[in-house]
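Right, one structure below, let's go through it.
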Amino acid sequence: MSSWRGGISNVRCWIFTGAPVFIGIIFVIIFIMIIVNIFSGLSQWEKNEKSPHLSVPAMVKVKRTNTIRNGHSYGHNNNLHSQSSSTTYYITFELENGDRSEFHISGKNFGVLAEGGVGTLTFQGTRYIDFTRKNC
Numbered sequence: 096m097s098s099w100r101g102g103i104s105n106v107r108c109w110i111f112t113g114a115p116v117f118i119g120i121i122f123v124i125i126f127i128m129i130i131v132n133i134f135s136g137l138s139q140w141e142k143n144e145k146s147p148h149l150s151v152p153a154m155v156k157v158k159r160t161n162t163i164r165n166g167h168s169y170g171h172n173n174n175l176h177s178q179s180s181s182t183t184y185y186i187t188f189e190l191e192n193g194d195r196s197e198f199h200i201s202g203k204n205f206g207v208l209a210e211g212g213v214g215t216l217t218f219q220g221t222r223y224i225d226f227t228r229k230n231c
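Written as structure tokens, this is what we have:
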């Protein structure tokens with residue numbers, strides 16, 4: 096019987112000493128992931144800044160979006176109290192040599208480009224700058 100009580104005591108001991116350590120480790124891992132993402136973004140920005148502006152003949156091949164919707168319902172009638180959405184826009188261009196490059200662009204630019212459009216693509220590294228349509 097005393098060994099059973101010792102087992103309960105050991106579990107309580109772990110909860111009060113091990114759980115905070117475990118939570119601390121999770122916090123450190125999440126913090127490290129955030130720092131890595133920040134440095135990755137800064138590294139990509141720096142590479143883009145060092146890259147030359149290139150203007151090349153290209154065709155708009157694919158337009159796509161990625162929409163994330165969040166809704167929260169509360170109450171006994173499942174009334175929707177808040178909702179939000181975020182849309183990211185992407186365009187894939189095919190260059191003269193057959194290579195394809197995808198760029199994240201603004202919704203305004205997304206709206207004026209049409210699949211199959213031919214013109215001159217201007218970009219810097221992975222950063223979309225402009226697309227000027229060729230007049231027929």
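In this text, residue positions in the sequence shown follow our numbering: the first is 96, and each later residue adds one.
The C-beta atom is built at its ideal place from N, Cα and C for all residues, glycine as well.
Check residue 132 in the structure and name its three-state DSSP category. Here residue 132 refers to the residue found at position 37 of the sequence shown. Reduced to three states, the DSSP call for residue 132 is helix.
Check each candidate in 202, 213 and 198 and name the one with the smallest Cα separation from residue 181. Here residue 181 refers to the residue found at position 86 when the sequence shown is read from its first residue. Among 202, 213 and 198, the Cα nearest to that of residue 181 is on 202.
So which of 213, 154, 149 and 166 has the shortest CA-CA distance to residue 221? The residue you call residue 221 lines up with position 126 of the sequence shown. Nearest option by C-alpha distance: 149.
Less than 8 Å between the C-beta atoms of residue 155 and residue 209, yes or no? Taking the sequence shown and counting its residues from 1, one reaches residue 155 at position 60. Taking the sequence shown and counting its residues from 1, one reaches residue 209 at position 114. Contact: yes.
Residue range of the beta strand (DSSP E) that includes residue 202: Reading the sequence shown from its first residue, position 107 is the one you call residue 202. Residue 202 -> not in any beta strand (DSSP E); alpha helix (DSSP H) instead, spanning 202-207.
I'd like the list of long-range same chain contacts for residue 157, defined as Cβ closer than 7 Å, with 5 residues on each side in sequence excluded. Taking the sequence shown and counting its residues from 1, the one referred to as residue 157 is at position 62. So the list reads 187 and 210, once near-sequence residues are dropped.
Apart from the five residues just before and just after residue 189, which ones in its own chain have a Cβ nearer than 6 Å to its Cβ? Working through the sequence shown from its first residue, we reach residue 189 at position 94. Excluding positions up to five away in sequence, the list reads 154, 156 and 195.
Opposing strand residues paired with residue 227 [DSSP bridges]: Indexing the sequence shown from 1 puts residue 227 at position 132. Its beta-bridge partners are 215.
Taking only the alpha-carbon atoms, compute the straight-line gap between residue 111 and residue 120 and give it to the nearest angstrom. For the purposes of this step, residue 111 is identified with residue 16 of the sequence shown, where counting begins at 1. For the purposes of this step, residue 120 is identified with residue 25 of the sequence shown, where counting begins at 1. Cα-Cα distance, rounded: 15 Å.
On the CB-based measure, 16 or more other CB atoms within 10 Å of its CB, does residue 137 come out buried or exposed? By one-based count along the sequence shown, residue 137 stands at place 42. So residue 137 ends up on the exposed side.
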